[in-house]
Structures are given as C-alpha cells and as structure tokens.
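Number of protein chains: 2
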Amino acid sequence: MKNLQTEDNNIDFSKLKKYLSDKKEFIDERLDICIKNSNNLKLKESMKYSLMAGGKRLRPILAITTAQIFDCDIEKILPIACAIEMIHTFSLIHDDLPAIDNDDLRRGKKTNHVLYGEAIAIIAGDALLADSFSHIIKNTPSDVSRDDLLRVIEEISLACGSDGMCGGQAIDILSEKQNNIDKETLKYIHTHKTADMIKVSIRSGAIIAKAKDFELEALTDFGNNLGLAFQIVDDILDVIGEEKELGKKVKKDENKITYPKVYGLDASIHIANIYTNKAIEALSIFKDKAEYLRLIAEYNITRKF
Amino acid sequence: MKNLQTEDNNIDFSKLKKYLSDKKEFIDERLDICIKNSNNLKLKESMKYSLMAGGKRLRPILAITTAQIFDCDIEKILPIACAIEMIHTFSLIHDDLPAIDNDDLRRGKKTNHVLYGEAIAIIAGDALLADSFSHIIKNTPSDVSRDDLLRVIEEISLACGSDGMCGGQAIDILSEKQNNIDKETLKYIHTHKTADMIKVSIRSGAIIAKAKDFELEALTDFGNNLGLAFQIVDDILDVIGEEKELGKKVKKDENKITYPKVYGLDASIHIANIYTNKAIEALSIFKDKAEYLRLIAEYNITRKF
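Those protein sequence lines, which keep their order, are chains Y and U.
So the first sequence is numbered by our numbering: it starts at 1 and just counts up by one.
So the second sequence is numbered by our numbering: it starts at 1001 and just counts up by one.
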C-alpha cells in the first residue's frame, strides 16, 4: 500500500486526536436532539439513523474551530454547525440511492434506503435539508446579528444548491463512464461537490465570529484548498484504502472521474500535498490561534479513512 | 360525472379568472429568471423544465394576494412567492419518482425523471429546495425587516420539512395499501402534505405586509381550511375527473388513503364545502379587501383540474 503522507511524517497528532474526539462527542450530543420525535416516527427514525451513523463531523468541527480563533462563544455557531451536518447527511443519503451511487454500506452500516426503503430515504434526505434552515433560525442565540445570520443562511443555501454541492454532484454523475477525461471538469466536481460545503463551514464560523474582511478572505482560501485536498485524499483512499478501515466499499469510483484516474496516483498525492500546503499558508496571519485548523489540514493528508 | 360545486352555483368567476391569469403570467416571467444558467446546463435545464411546466401558481398567487390586502408593494413578497413555487416544484419532482408515486405524466407533460433520468431528477429536486432559501435572501428588497425575513424563512423551512410537507408525504407513503383506514391519519396527511405549504404562502404574505396579530390569525385560519379543501377536491377529482382535463393520470390514488375512500364521495364533497365555508368566514374581518382570496376559495370547489 502506498503511503499518503506529508513531507513531515513526524507530526504528533495526539493532541489533535483528543481535540477532534472531544468536539465530535460534543457535536454528537447536540445532533442527537436536532431531530425531535413527533407522531411521524418512521421518518424521524430514518433521519436520525443517518445523522447519528458515526460521521467524523468534519464540517461542524471546522465551523466551531474557526469561530474559536476569534474567541467566539461556541453556542453562537453550534446551531449552524449542526445544520451543516444535517445537510451533509442529506447529501450522503441521496448519493447512496440506487439511482445514484447505489451503495449498500456507509461507515460500516447499512445505508438509509437499504434499511427504510427508497421512498423514505428520499424523503428523509429532503427533510434533513428542509429542516436545517429552521434549525438555524430557531436555535441561534438572539445576540447574533440578524444580518450575519441571513448572510450565513444565504451562503449555506448557495453552497449546497445548484451552483454548489448539487451542481457538483450532477456533473459527477453526467461525467460517469465518459472516456473524455477533462481536468477542468474534475476540478469543477471537486470544488462544488465537496469543497463548497467545507468552505462554507469555515466561512460561517468566521462570519458569526465577526472576522474582519482580510481574515475572512484568508479563511476562504484555507477552506477552498482544504476542501480540494480532502476530496483528492478521498479519491486516493478509494484506490489504496482497505474496505474494513474505510467502512465503505472501495474501488467504487471506477466509473467516476477521479484524480488518480486523470493524473495517476503519485501525481494525485503530490497535488493533495500542494493544496494542503496552500491551505496551511493561508492560515499564517492567525499564528498559533489557528493551530487546530492547521493540524486538521496536516492530519487530512495522513488519514486512512 | 358528479358535480363538485358550492351551494351557490351562480358566482361569476370571469373577474377571478382574469386576475389569476394575469398573476400567473407575471409570476411565470419572474420564475423564468430564477434559475440562472451556468456551466451546469443539464441540471439547470431539468430544474427549469419542471419549474416552467405550466403550474397554476396557486401558492405564489396566494402569497401576493394576501400581501396586497395590506397594500404591500408586490416586489417585497415576490422573491418569497417564487421560492415557495420552487419548493412546490421540488416536491412534485420527487413525488413523481419511481420509488414514490411512479408517475410518467404531470400537467400533460413527461415527468422530470422520464426526461432526465432518476439521478438528475432527484438532484434537480434537491437543488430547487436548496436554492429557494438563497433566492429569498438575495432578492428580497432591503427595506423588508430582517426579523420578518428570518421569521418567514423559518416558517417556510418548517412547512416543507419533517413536521410539514415531507412529514405528510412520509405518512402518506407508509399508509398505502393499509386496510386500517383512520380518519386522524388522513387529516394528518392532508394538513401536512398540502395545507402547510398553502398556509405558509398566505402567512408569508401577511408577515411581510406587516399584518397585525389578529389579522395573521384570521389568515392562518383561512389558509388551513383552504389547504384542506384544496386537497379534498384533488382527491375527489382523482375519482371523478377526466384524465385529459387534469393533465395527469386519474385513479392513481387507489392505494392511498383519500377522503372519498374514507368518507365516500358525497360526504367528501360535503366536507370540502364545510372547509371552504370556514375559510371564507375567516376572511370576514377584511371585507372587500379579501375579495380575491374569497373568490379563490369559492373557485377551488368548482374547479375541474
């Protein structure tokens, strides 16, 4: 198995691992109460099943970690962080559908439609997306400026919409099985399907924490580059990873446009490193305040799952 | 064919028909520019196809007509009205999917998945829902209060989410083919699957137009009753309507819980009339100002499509 690592193999991630694990536990607790039980038990159960199916919570952690650069009260960003994870979960449920990627397994567990049927899985995804916006408005503390809140909602809606995540996903599907492999299309897919939601997680944290324009710009640059590095690492792991470690089928991207397919494996690893370095450089103005964001970028490139 | 009419058969709807037709034309023009072309042509085409497939535009017309009771500038409510139609269109695309209602025909035209394939149809629905929120925020004039705008977005998100339209749709599907026909479940489905989005269209118009609390309450009452009457009429037309006039398959509700199935046809017509009368009564405080809302409720019960 090829090794996918930064040039510096000696970074100690134990502090980050503890941080990620604490934050994940904290977010899981809050996510667990996002879906209120009602007399619509089966739908709620289906939504909750996928929401609580053991995600890494990367996006909410990025939102919180960014806000905390500016010593922002975590409660101000938490409803937004949870909503972003709800949207991410919606996208996973729909991606796994028979008509799209037709995956039976996700994070080592049965996918939503396998357990609840296609109809409920489609509606559970829809409902997670729909509910995410009221979740933000209902739960964000009233001392967050209304203008900032509207700006964040607009950015999240754009990031997951037809020119964001959905757009990337559509082009990904339409490009399947095409022989004509095109680097621009590949970057479009990765930017919109993956990086847009990662970027908006970071921007949301910065906006709610009242970052200045130049700080928001630097963090946007970080988000874009981290998002691309993250998806390229995912592509690479699909080729070299172990099914058991990943908790999902590997080699499932065989019909898709991926970095390893377009650039080859070694060049893909190199490109992932370039984006990682660019991401880290963008953080320089924050010095030690951005320690965890920097560690997350470094850790991404060493991860095995 | 049974006649589905109010007790007063002599209402002249020519004025209303002209009003509806003018408003539909106006809304169609605005909807046509809601979906911006980008390099994601196929997805945008698919979204636009369903959005422009000839809907009656009932929900946006209700939002605008309600706002105009209070002499509200139409531009203040128009982006919200269009967003509600985008959400309605998303729900139709997903309802028609093979895994849900499996309909090939809608308003006399091929359904989205027949034309674009299931994967793109799923994503087109997702994207219409996702984009609707940024559409509101980007296009609503800045003199609309930020608090009112957040309130409307929250209400729309709830109305289409897991305790609203998606919730009603889930129970509708889970109740199919059940022998145990239950009036409470039937009302739950109709209230949430249909009435919630009709109600929120009306409430949005009232909130943006700065209606007073007692006026908002009366309009909510109107919306609830109109929404239920509207869905019961739909159920009835599925039994007695002509496929050609409806532009969709009739008798397609055979596996579903419907009013005619639970109450019989005559009683269903009677119940639709009761809800219509309740809706009209709720408008009494507005006198002539609510003329078009009253006519819409009266017209609903006479419609053949």
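Idealized CB from N, CA, C, for every residue including glycine.
Beta-bridge partners of residue i, as assigned by DSSP
| i | result |
| --- | --- |
| Y:Leu105 | Y:Lys110 |
Three-state secondary structure (DSSP) of residue i
| i | result |
| --- | --- |
| U:Gly1161 | coil |
| Y:Cys34 | coil |
| Y:Glu184 | helix |
| Y:Ala119 | helix |
| Y:Glu154 | helix |
| Y:Thr302 | coil |
| Y:Thr220 | helix |
| Y:Ala290 | helix |
| U:Met1052 | coil |
| Y:Ala83 | helix |
| U:Cys1166 | helix |
| Y:Gly125 | helix |
| Y:Lys256 | coil |
| U:Gly1309 | Nothing can be reported for residue 1309 of chain U, as the shown portion of chain U is limited to 1001 through 1305. |
| U:Lys1212 | coil |
| Y:Lys2 | Because Y:Lys2 sits at a pLDDT of 44, beneath the cut-off of 50, its placement in the model cannot be relied upon, and the following sentence gives the value as read from the coordinates. Looking at Y:Lys2 - three-state DSSP - the assignment turns out to be coil, as it is neither helix nor strand. |
| U:Pro1060 | helix |
| Y:Ala130 | helix |
| U:Asp1095 | helix |
| Y:Gly205 | helix |
| U:Glu1176 | coil |
| Y:Asp143 | coil |
| Y:Ile27 | helix |
| Y:Asp22 | helix |
| Y:Asn40 | coil |
| U:Ile1011 | coil |
| Y:Asp71 | coil |
| U:Leu1283 | coil |
| U:Ile1100 | coil |
Nearest candidate by alpha-carbon position, reference residue i, set the options
| i | options | result |
| --- | --- | --- |
| U:Asn1273 | U:Lys1261, U:Ile1156 and U:Arg1303 | U:Arg1303 |
| Y:Phe222 | Y:Gly167, Y:Leu78, Y:Ser50 and Y:Ile285 | Y:Ile285 |
| U:Arg1059 | U:Asp1196, U:Lys1076, U:Leu1216 and U:Ala1053 | U:Asp1196 |
| Y:Leu226 | Y:Phe214, Y:His192 and Y:Ala119 | Y:His192 |
| U:Leu1115 | U:His1190, U:Ser1050 and U:Lys1287 | U:Ser1050 |
| U:Ser1145 | U:Lys1177, U:Ile1120, U:Arg1106 and U:Ile1077 | U:Ile1077 |
| Y:Ile314 | Y:Ile120, Y:Ala282, Y:Lys23 and Y:Asp95 | Given a span of 1 to 305 for chain Y in the structure shown, any question on residue 314 of chain Y remains unanswerable. |
| Y:Pro260 | Y:Tyr19, Y:Asp234 and Y:Phe26 | Y:Asp234 |
| U:Asp1131 | Y:Ala99, Y:Ile156, Y:Ile93 and Y:Ser14 | Y:Ile156 |
| Y:Lys335 | Y:Leu41, Y:Glu85, Y:Asp288 and Y:Thr111 | In this structure chain Y extends from 1 to 305, so residue 335 of chain Y is not present and cannot be described. |
| U:Asn1102 | U:His1088, U:Ala1083 and U:Ile1122 | U:Ile1122 |
| U:Leu1293 | U:Gly1205, U:Lys1256 and U:Ser1268 | U:Gly1205 |
| U:Thr1276 | U:Arg1203, U:Lys1289 and U:Leu1295 | U:Leu1295 |
| Y:Lys219 | Y:Ile153, Y:Arg30 and Y:Lys287 | In the sequence under discussion, the amino acid at residue 219 of chain Y is Leu, which differs from the Lys named in the question. For the residues Y:Ile153, Y:Arg30 and Y:Lys287, the minimum Cα distance to Y:Leu219 belongs to Y:Lys287. |
| U:Lys1278 | U:Ile1198, U:Gly1264, U:Glu1298 and U:Lys1109 | U:Glu1298 |
| U:Tyr1188 | U:Ile1171, U:Thr1089 and U:Lys1023 | U:Ile1171 |
| Y:Lys42 | Y:His113, Y:Arg203 and Y:Cys160 | Y:His113 |
| Y:Lys376 | Y:Lys48, Y:Gly264, Y:Glu217 and Y:Asp32 | Because chain Y is modelled from 1 through 305, residue 376 of chain Y falls outside the range shown and cannot be assessed. |
| U:Glu1025 | U:Lys1036, U:Glu1045, U:Ile1061 and U:Ser1046 | U:Ile1061 |
| Y:Gly117 | U:Ile1100, U:Thr1111 and U:Gly1117 | U:Ile1100 |
| U:Asn1139 | U:Asp1266, U:Leu1105, U:Val1200 and U:Arg1030 | U:Arg1030 |
| U:Arg1107 | U:Met1052, U:Ala1282, U:Glu1215 and U:Val1239 | U:Met1052 |
| U:Ile1064 | U:Ile1257, U:Leu1020 and U:Phe1013 | U:Leu1020 |
| U:Lys1256 | U:Ile1236, U:Ala1267, U:Arg1203 and U:Ile1093 | U:Ile1236 |
| U:Ile1198 | U:Phe1214, U:Lys1015 and U:Leu1158 | U:Leu1158 |
| U:Asn1039 | Y:Asp266, Y:His270 and Y:Ser162 | Y:Ser162 |
Residue i beta carbon near the ligand MN (any heavy atom closer than 7 Å)
| i | result |
| --- | --- |
| Y:Asp22 | Because no ligand of any kind appears in the structure shown, any question about the ligand MN cannot be addressed here. |
Near-chain Y residues of the stretch 1102-1135 of chain U - C-beta to any C-beta below 9 Å: Within the stretch 1102-1135 of chain U, those residues whose Cβ lies closer than 9 Å to any Cβ of chain Y are, in chain order, His1113, Gly1117, Glu1118, Ala1119, Ile1120, Ala1121, Ile1122, Ile1123, Ala1124, Gly1125, Asp1126, Ala1127, Leu1128, Leu1129, Ala1130, Asp1131, Ser1132, Phe1133, Ser1134 and His1135.
Tell me whether the stretch 62-75 of chain Y and the stretch 200-211 of chain Y touch, counting them as touching only if at least three CB pairs, one residue from each stretch, are closer than 8 Å. Cβ pair count under 8 Å is three or more, so yes.
Could you say if the stretch 126-138 of chain Y and the stretch 1161-1171 of chain U meet the contact criterion of at least three C-beta pairs nearer than 8 Å? Contact between the stretch 126-138 of chain Y and the stretch 1161-1171 of chain U is present, because at least three Cβ pairs lie under 8 Å.
Within 9 Å of chain U by C-beta, residues of the stretch 63-83 of chain Y in sequence order: Cβ contacts with chain U: none found.
Members of the stretch 1210-1234 of chain U that neighbour chain Y once the beta carbon cut-off is set at 7 Å: Listed by position along the chain: nothing, the set is empty.
Against chain U, which members of the stretch 152-173 of chain Y pass a CB distance test of less than 7 Å? Correct list: Ile153, Glu154, Ser157, Leu158, Cys160, Gly161, Ser162, Asp163, Cys166, Gly167, Gln169, Ala170, Ile171 and Ile173.
With 9 Å as the limit, tell me which residues of the stretch 1039-1054 of chain U have their beta carbon closer than that to any beta carbon of chain Y; keep them in chain order. Those residues of the stretch 1039-1054 of chain U that come within reach of chain Y (Cβ to Cβ, closer than 9 Å) are Asn1039, Asn1040, Lys1042, Leu1043, Lys1044, Ser1046 and Met1047.
Below 8 Å between beta carbons is the criterion; list the residues of the stretch 259-277 of chain Y that meet it against any residue of chain U, in chain order. Listed by position, the residues of the stretch 259-277 of chain Y near chain U (Cβ gap below 8 Å) amount to none.
For the stretch 284-302 of chain Y, enumerate the residues whose C-beta is nearer than 8 Å to any C-beta of chain U, in chain order. Residues of the stretch 284-302 of chain Y with a C-beta less than 8 Å from any C-beta of chain U: none at all.
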